[in-house]
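> Chains as they are written, first to last, in the numbering used here: chain A, 823 to 936; chain E, 677 to 786. Can you keep this structure in mind? I'll have questions shortly.
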Amino acid sequence: DAGVIQSPRHEVTEMGQEVTLRCKPISGHNSLFWYRQTMMRGLELLIYFNNNVPIDDSGMPEDRFSAKMPNASFSTLKIQPSEPRDSAVYFCASSLDTGSQPQHFGDGTRLSIL
Amino acid sequence: EDQVTQSPEALRLQEGESSSLNCSYTVSGLRGLFWYRQDPGKGPEFLFTLYSAGEEKEKERLKATLTKKESFLHITAPKPEDSATYLCAVQAKGTYKYIFGTGTRLKVLA
């Protein structure tokens, strides 16, 4: 079975540029999560969608960050304009529901902002 | 405030040397405790879910246990391929959020 698919795997860009990260959740999963992982702060939840609707975006650090989920099989996380402090690994995860079903993670996008 | 603390931060074992990783938690009603394994350059890989004190789960050389305050991940006769970072996360009742610990970096030497 296909897991969570993220693209690109690596992104290097200059500050001020727009960055778009993409995620395809596991088919049939109705909850989707975007996380950011850094050495200093570990895994932080940025935003959570349920049935394609954003439920909680309180973890989004600034207005420069936005996320969409236009359908059940696709989500994007956009940073505009990007800054060096946005450099991190961004993970997407999905789960069957928001009960105690485990979240399944993609392999992440390693983002470097120069 | 919900909190998860993992110890030790790093652990080096010889192949075959059994040990345990600790995950201490404070949560207002536990819905579930999750163990993940993360290899370099990869996303966290789900291992176990534990729901209530006294519960145990096993998978190959790994065994996870749960009390009201902590969980242990026991590694029996580890092999070099068990080297990874092991993450613990808790989910409180009535929420969807996971609170992750900072992980234990395990290195098993041949």
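Positions of the beta carbon are idealized from the N, C-alpha and C atoms, including for glycine. Only a predicted model underlies this, so the values are computations on that prediction, with no experimental measurement involved.
Does the beta carbon of residue 929/A come closer than 7 Å to any beta carbon on chain E?
yes
> Please state if the CB of residue 837/A and the CB of residue 906/A are separated by a distance shorter than 7 Å.
yes
> Do you know whose CA, among 882/A, 864/A, 847/A and 866/A, lies nearest residue 873/A's CA?
847/A
> Going straight from the alpha carbon of residue 843/A to that of residue 834/A, what length do you get?
Spanning the two alpha carbons is a distance of roughly 12 Å.
> Should residue 877/A go down as buried or exposed, given a rule of 16 or more other Cβ atoms within 10 Å for buried?
exposed
> Output the distance between the C-alpha atoms of residue 693/E and residue 762/E, rounded to the nearest integer angstrom.
17 Å
> Check whether the Cβ atoms of residue 756/E and residue 729/E lie closer than 7 Å to each other.
With respect to the 7 Å criterion, residue 756/E and residue 729/E are not classified as neighbours on the basis of their beta carbons.
> Return helix, strand or coil for residue 919/A, following the three-state DSSP convention.
coil
> If you drop the 5 nearest sequence neighbours on each side, which residues of the same chain put their C-beta closer than 7 Å to that of residue 935/A?
835, 837, 904, 905, 906, 908 and 909
> Kindly list the residues whose CB is nearer than 6 Å to the CB of residue 741/E, restricted to its own chain and excluding five residues on each side of it in sequence; keep chain order.
Same-chain partners within the cutoff: 732 and 748.
> Output the boundary residues of the beta strand (DSSP E) element that contains residue 751/E.
746 to 751 is the span of the beta strand (DSSP E), which, as asked, contains residue 751/E.
> In chain order, what are the residue ranges of uninterrupted alpha helix (DSSP H) at least 4 long that sit wholly in the segment 872 to 904 of chain A?
none
> With a threshold of 8 Å, are at least 3 pairs of Cβ atoms found where one atom belongs to the segment 761 to 780 of chain E and the other to the segment 709 to 719 of chain E?
The segment 761 to 780 of chain E, when compared against the segment 709 to 719 of chain E, does touch it at the 8 Å Cβ threshold.
> Identify the residues that DSSP records as bridge partners of residue 727/E: which are they?
Bridge partners of residue 727/E: none, in fact.
> Smallest Cα separation from residue 853/A: which of 924/A, 896/A, 933/A and 919/A?
919/A
> Is it buried or exposed, residue 779/E, if we count other Cβ atoms within 10 angstroms and call 16 or more buried?
buried
> Give me the residue from 841/A, 930/A and 870/A with the minimum Cα distance to residue 901/A.
841/A
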